[in-house]
Every structure is written in structure tokens, then in C-alpha cells.
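Peer 1: Going from the sequence shown to the numbering used here is simple: count from 1 and add 62.
First the structure, which I've put down as C-alpha cells, then a few questions once you've had a look.
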Amino acid sequence: MRVALINPRFRLPIDTRTTAHLGLAYLGAVSERRGDEVRIFDADIEEQPLDEFISEFKPHVVGITANTPQVKQAWRHAAQIKAVHDVPIVIGGPHPSVAAEDLDFESARQPGIDLVVRGEGEETWIEICNRIEDFMRDQEDYSTQALMDPSKHVWEGIEGISYQTSDGELHRNADRMAMADLDSLPWPAYHLFKMHKYTNLQPATDHVDGARSFSILTSRGCPYRCSFCSQSIMPIKWRSRTPENVLAEWRHLVEDLGAQEIGVLDDSANIRKKRLHELADMLIENKLNHVPWIFVNGIRANLADYELMSKLKQAGLKRTAFGVETGNPEILKGIDKNIDLDTIRQAFKVCREVGLETIGFFIIGLPGETREAMQDTINFAIELNPLIANFSMMTPYPGTKVYADVKQHGRMLIKDWEDYVFFEQKARYEMGEVTADLVEEMYRKAYRQFYLRPSPIIRRLSTKDFWYNLPRNMRIARRTFVPKAEKTDLRRKIEAESLA
Ligand code: B12
Ligand code: SF4
Numbered sequence: 063m064r065v066a067l068i069n070p071r072f073r074l075p076i077d078t079r080t081t082a083h084l085g086l087a088y089l090g091a092v093s094e095r096r097g098d099e100v101r102i103f104d105a106d107i108e109e110q111p112l113d114e115f116i117s118e119f120k121p122h123v124v125g126i127t128a129n130t131p132q133v134k135q136a137w138r139h140a141a142q143i144k145a146v147h148d149v150p151i152v153i154g155g156p157h158p159s160v161a162a163e164d165l166d167f168e169s170a171r172q173p174g175i176d177l178v179v180r181g182e183g184e185e186t187w188i189e190i191c192n193r194i195e196d197f198m199r200d201q202e203d204y205s206t207q208a209l210m211d212p213s214k215h216v217w218e219g220i221e222g223i224s225y226q227t228s229d230g231e232l233h234r235n236a237d238r239m240a241m242a243d244l245d246s247l248p249w250p251a252y253h254l255f256k257m258h259k260y261t262n263l264q265p266a267t268d269h270v271d272g273a274r275s276f277s278i279l280t281s282r283g284c285p286y287r288c289s290f291c292s293q294s295i296m297p298i299k300w301r302s303r304t305p306e307n308v309l310a311e312w313r314h315l316v317e318d319l320g321a322q323e324i325g326v327l328d329d330s331a332n333i334r335k336k337r338l339h340e341l342a343d344m345l346i347e348n349k350l351n352h353v354p355w356i357f358v359n360g361i362r363a364n365l366a367d368y369e370l371m372s373k374l375k376q377a378g379l380k381r382t383a384f385g386v387e388t389g390n391p392e393i394l395k396g397i398d399k400n401i402d403l404d405t406i407r408q409a410f411k412v413c414r415e416v417g418l419e420t421i422g423f424f425i426i427g428l429p430g431e432t433r434e435a436m437q438d439t440i441n442f443a444i445e446l447n448p449l450i451a452n453f454s455m456m457t458p459y460p461g462t463k464v465y466a467d468v469k470q471h472g473r474m475l476i477k478d479w480e481d482y483v484f485f486e487q488k489a490r491y492e493m494g495e496v497t498a499d500l501v502e503e504m505y506r507k508a509y510r511q512f513y514l515r516p517s518p519i520i521r522r523l524s525t526k527d528f529w530y531n532l533p534r535n536m537r538i539a540r541r542t543f544v545p546k547a548e549k550t551d552l553r554r555k556i557e558a559e560s561l562a
């Protein structure tokens, strides 16, 4: 079959880097293994209009990915496609996977969407493709309308899907179990992407733009459930690939694709330390440790001991992130992170001792925070002194505990899924002492207090990346440090509505 996979266009309101979509790379790989002809259309980097691409390629099935801010664009893309070609359209990804808020049905009701895949997608996607292929073979009157006819029972028994049949009835099939054997997956199909068009996710080394930076996923899931974290795709069950399996892909990235840096995207890569020790040994033994790599998303600070971090450093790890979130002990308890400040301090100390660069992720505006608690976070960031301190304004994503709390006890300041991004310097909700004005003020203060100190300024000016990407870096600095008008049109409108 001809399979088209689409990443909807969504530019963040910052100068962000672009990267090949790993979820689509996996779906593309399993489709190719099924024998399909696959094309990936990443609307973020494509120049060709989508309808023209569809009219030329004439796919038998289309898959679109969507996180929360992308979902409306995904629906628009689906409608655009249907206007030129009658094809079943499947949506998947973090947003439509939130069945707790009926967000699977929200997408299933959209005129362009036929099927919604909840959670991890590879196995479900292949079952969908098999059913479509069987149906096309058997039915002379093949059309999407016929596929969604309830009397044909095409979709019954496929776990992990939701859909609306042509009689208007909504269906939610049983959940699918987490994939048990991650080693059985093929490697992400990077050859389907126009790799030269991407910058990269996060520079570990200076100015490695373009195809030379790759991502890898060595484990899936996270056994924790922090109150703010949107975990709809990856089940609570943490599963990992064997070190041998990861090594083989790592070698492919370095030796076949010429990777100059690698970003490990796992949610919590160090849940089993023994596995990482083994992987590190293999990278060293196989002389793959000359290519720098980073933990992009944060590893657990309670499992980052000296032995592990020094071994990983020898294996090529250059930088690691930690989700610190807050510097206030009470708030830290309240977000179910299951960690304390001293453990975080210890992890940063270990990294300094072994010579690893660090990234700290911090949140301003967590529920229950006061001005003092937010200041604790800023002070803690300065005390830990990571190379990069990333402060986000708390954005309550649907399906999280914070979202449920705000819906019940607070006030959302955004109504449109397209505003669910957290780089816009605008508060997203108010609850108790967490007011928009306070959060916005403290967010800007966090960046100023952290970065406008001599050591971060000198550190930044001494990186090649700063000078290489000077215009971009100056734009980011201007956006971050120069205060903008506080009240947006959107917020005024919402406030006027709630006053009326
Ligand atoms: C790397 C990453 C990024 C990168 C790259 C994003 C990308 N193009 O993939 C960058 C830094 C750009 C980024 C940005 C943002 N991200 Co991000 N990101 C991630 C991260 C850490 C890994 C993504 C990944 O590769 N996962 C592994 C692959 C295999 O999984 P996947 O892509 O989800 O795909 C699987 C399933 O979802 C499903 N699936 C997905 N699409 C489809 C489509 C079909 C048809 C089917 C059948 C199945 C299917 O099958 C896939 C294979 O199993 C995830 C956390 C996570 N655990 O996934 C957060 C995550 C996706 N990001 C998140 C957020 C909030 C954002 C931002 C909105 C943050 C912001 N700045 O405001 C932006 C939005 C950017 C944008 N343009 O849309 C949230 C999404 C929550 C939500 N409800 O949408 C996540 C889940 C983090 C979290 N736990 O809160 N992100
Ligand atoms: S923030 Fe990190 S530790 Fe917490 S649930 Fe999300 S991925 Fe897991």
C-alpha cells in the first residue's frame, strides 16, 4: 500500500530547532517492514503544498501525528486531504490519546478524521493497515464511507483505537497493552526524512546543524506520575531495549549515517542503572564513545550516582538534563516527583565532579506557589548553577492532575489548544495565589537573575554556538529579557467574557 505520514505544521513562538519526528520515523519503519511504500510529509520543512503532495502520491492510508498545540492543524490538514482524495485518515500522538478527557472522541468527531490511535502506535498502526488492505481486496465499492459503515464491522477487536462509524456512533475499543519487546522494533526510518532540512534538537557540540544530529530512544515509559507531566502516550510501565540492541542502532547512527552528536530522548533513561552501565561499557569497547551524546529530557536525580555518571562520561555523555521543577520543598512534595532537594543537589555535585555539563528544567507557577516559593526555585537554580537553566511557565496539559485541579478550583486563561505552548511568556491559568501577573513577573525575573550574572554570561560568550548562531541567540535574548506588554488581547477577551 502507499502510506503517507504527516507532521502538521506548527511553529513555536520562539526560534526553535527542528528535528525529524521520532514517532513518525518508527511508524514509517514498521510500515516499510510490512512492505508498504512510505512517504513522510513534515509540514514544518516541506515547501510543496500538502494537497499537491496528496494528489500526486495518492496514498491508501494517511497517518497524522498531533500533540496538543498541533491538533487543530492536524484536523485542518485532514480536511484539506479529504478535499482532494478519498482516503482513510488516522490520527495519533499525545493529544488524542487522552481518553480521560474524551480527547479521542474530540478528534473522532472531526469531519476529516476516521480513526484515532491511543498510546504507542506501532502495533495498532500495522493492524489498521492490514484491515484496510483486506477490505480493499474484498470490496468492490471501496471508499472511506464503506470502511466506516458499522454493518461491515471492520474495526472491531483492534485494541487502542477510537472512531465514529458512519451512523454517528462513537466507539472506544479496549486499551492496548504496552509493547513488551522493544527489541523487536525496527530502527527509526530516518531515510524517509529530508534530513538536511533539519537543524537539530539540542546542540551537544557546537554548530552541528543538519543531518549530523540524531535522536535515539533506549527505553519507553516512566514509572512516576508527576502532577504536571503529560504522559498519555507512554504507559506507566517502564520498558527498555537491551544494551546489545541499542548498541547496534548506535553503531548504525555513527558509522552509516555519520552522526556527530546523539540525543537520547527517553523519559527516564536511568531507571535500571545496570543496563546503562552495560551500554556504557559497550560504547567504550566498541569505540563509539568519540561521538558526544546528551540526555535531552532529564534523568532521575535519585539514580544518578558517581559510579554511573563517571562511566557514562567515559562512554561519551557530554551533557545531562534533570527535571528539578522547584526549589521549594513543600511544592516538591506536592507534585509527586518522589524526590527531595538534597538528592537533586547531590546529583548536580556528582555531575560537576565527573565533568558533565548539566541542564536544569524548572517550572514557575506550580499550584500552591507563592512569590516566596517561586523565588526559592530561582535561588535553587542559581545554587545548582547548570550550564542551561530552562524555566517554563506552568501549562496544565489535559489528562494531568494539575489540569483537573485547575478545572475544578482555578481558572484557565487559555481556551484554544493552539495556545498550549509554554514559551510565550504568558501565564496559562490562575488558582489561589498563583496569579497571571505574579507568574509572568517571576518568570522574567528567573531568566534575568539566573543569566545576567557574570559566570553564565562568560560561559555563554565562550561557546562557539553563541557566535555561530549570533542573530538567533540575540533574538532569544531580546525576547527573554525585554519585558513585553503584560495583557494580551486573548486574555482581555477571556476576562471580559468571565466578567459578563
Ligand atoms: C522530543 C520531544 C520534543 C521535541 C521534538 C518534538 C517532535 N517532533 O517529536 C521538541 C523539543 C521540538 C518538542 C517540543 C514540544 N513538546 Co515535546 N516532547 C518530546 C519528547 C520528550 C519525546 C518525543 C518522542 O520522540 N517520543 C518517542 C516517540 C516514539 O513517541 P511519539 O512521537 O509520541 O509517537 C508514538 C505515539 O504517540 C504514537 N503516535 C504518534 N503519532 C502518531 C500518528 C499515528 C497515525 C499513529 C497511528 C500513532 C502515532 O505512535 C508513536 C510510536 O509509538 C516527548 C515525551 C515523550 N515521552 O514522548 C515530549 C512531548 C511530546 N512534548 C510535549 C510538549 C508539551 C511539547 C511542546 C508543546 C512544549 C512547548 N515548547 O510548549 C512543544 C511542541 C512542539 C511542536 N512543534 O509541536 C508533551 C506533549 C503533551 C501533549 N499533550 O501534547 C510531551 C508528551 C512531554 C510531556 N510528557 O509532557 N518536544
Ligand atoms: S516529569 Fe519525568 S519523572 Fe515525572 S512523570 Fe514525567 S517523565 Fe516521569
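By construction, the Cβ of each residue, glycine as well, lies at the ideal position given by its N, Cα and C atoms.
Could I get the ranges of all uninterrupted beta strand (DSSP E) runs contained in the segment 214 to 291, with 3 residues as the minimum, in chain order?
Peer 2: Counting only runs of 3 or more, we get 223 to 226, 232 to 234 and 275 to 278.
Peer 1: May I have the straight-line CA-CA distance separating VAL540 from LYS488, to the nearest angstrom?
Peer 2: Note that residue 540 is Arg in the sequence shown, not Val. Using only the alpha carbons, I get a separation of about 16 Å.
Peer 1: Using only CA atoms, which one of VAL133, LYS469, THR439 and LYS373 lies nearest to LEU394?
Peer 2: Ranking VAL133, LYS469, THR439 and LYS373 by Cα distance to LEU394 puts THR439 first.
Peer 1: So the beta strand (DSSP E) VAL5 belongs to, where does it begin and stop?
Peer 2: Nothing about residue 5 can be reported from this structure: the residues present for the chain run from 63 to 562 only.
Peer 1: Between ALA136 and PHE255, is the Cβ-Cβ spacing less than 9 Å?
Peer 2: Contact flag unset, no.
Peer 1: Is it true that the CB of SER275 sits closer than 9 Å to the CB of THR127?
Peer 2: No; because the gap between Cβ atoms is not below 9 Å, this pair is not in contact.
Peer 1: State yes or no: is the C-beta of LEU446 within less than 9 Å of the C-beta of ALA435?
Peer 2: In this structure, ALA435 does not lie closer than 9 Å to LEU446 by Cβ.
Peer 1: For SER159 versus ILE295, is the C-beta spacing smaller than 9 Å?
Peer 2: Yes.
Peer 1: Taking its Cβ as the centre, do 16 or more other Cβ atoms sit within 10 Å of GLU184, making it buried, or is it exposed?
Peer 2: By the neighbour-count rule (16 or more Cβ atoms within 10 Å), GLU184 is buried.
Peer 1: Candidates ASN531, GLU231 and ASP106: which alpha carbon is nearest SER213's?
Peer 2: Out of ASN531, GLU231 and ASP106, GLU231 has the C-alpha closest to the C-alpha of SER213.
Peer 1: Report buried or exposed for ARG515, applying the criterion of at least 16 other Cβ atoms within 10 angstroms of its Cβ.
Peer 2: The residue is exposed, with fewer than 16 neighbouring Cβ atoms inside 10 Å.
Peer 1: To the nearest whole angstrom, what separates the beta carbons of ASP98 and MET63, a pair I think is in contact under 8 Å?
Peer 2: The pair is a contact, with the Cβ atoms about 5 Å apart (cut-off 8 Å).
Peer 1: Taking the C-alpha atoms as reference points, what is the distance between PHE157 and ASP200?
Peer 2: Going by the sequence as given, residue 157 is His instead of Phe. Whole-angstrom Cα-Cα distance: 34 Å.
Peer 1: CA-CA distance, GLU225 and ASN235?
Peer 2: Per the sequence shown, the amino acid found at residue 225 is Tyr instead of Glu. So the alpha carbons of these two residues sit roughly 9 Å apart.
Peer 1: For PHE72 and LEU165, I'd like the C-alpha separation in whole angstroms.
Peer 2: Distance between the alpha carbons of PHE72 and LEU165 is about 19 Å.
Peer 1: Would the beta-carbon of ARG287 be found less than 8 Å away from any heavy atom of ligand 2?
Peer 2: Within the cutoff, so yes.
Peer 1: Near PRO92, which residues of its chain fall below 6 Å by C-beta distance, leaving aside the five closest residues on each side in sequence?
Peer 2: Looking at the sequence provided, one finds Val at residue 92 rather than Pro. Excluding positions up to five away in sequence, the list reads GLU184 and ILE188.
Peer 1: Return yes when the C-beta of PHE424 is under 8 Å from any heavy atom of ligand 4, and no when it is not.
Peer 2: Looking at this structure, you won't find ligand 4 anywhere; what it does contain is ligand 1 and ligand 2.
Peer 1: Check whether the segment 473 to 484 and the segment 503 to 512 touch, using three or more Cβ-Cβ pairs below 8 Å as the test.
Peer 2: Counting Cβ pairs under 8 Å, fewer than three are found: no touch.
Peer 1: Looking at the unbroken alpha helix (DSSP H) that takes in TRP355, where does it start and where does it end?
Peer 2: Premise fails: TRP355 lies in the beta strand (DSSP E), 355 to 357, not in any alpha helix (DSSP H).
Peer 1: Can you tell me the Cβ-Cβ gap for ILE278 and GLU311, rounded? I've got them flagged as a contact below 8 Å.
Peer 2: Yes, ILE278 and GLU311 are in contact; Cβ-Cβ is about 6 Å, under 8 Å.
Peer 1: Using 9 Å as the threshold, is the C-beta distance between HIS139 and ILE68 below it?
Peer 2: In contact: HIS139 and ILE68 (Cβ atoms closer than 9 Å).
Peer 1: I'd like to know if the segment 360 to 368 and the segment 400 to 414 are in contact, where contact means that at least 3 CB-CB pairs between them fall below 8 Å.
Peer 2: The answer is yes - the segment 400 to 414 touches the segment 360 to 368, with three or more Cβ pairs under 8 Å.
Peer 1: Quick check: the Cα distance between LEU523 and ARG534, rounded to an integer number of angstroms?
Peer 2: Going by the C-alpha atoms only, they are around 14 Å apart.
Peer 1: Run through DSSP, which three-state label would SER117 get?
Peer 2: Here SER117 sits in helix by DSSP.
Peer 1: Measure the alpha-carbon distance for PRO150 versus ASP237 and round it to whole angstroms.
Peer 2: If you take the alpha carbons of PRO150 and ASP237, they lie about 21 Å apart.
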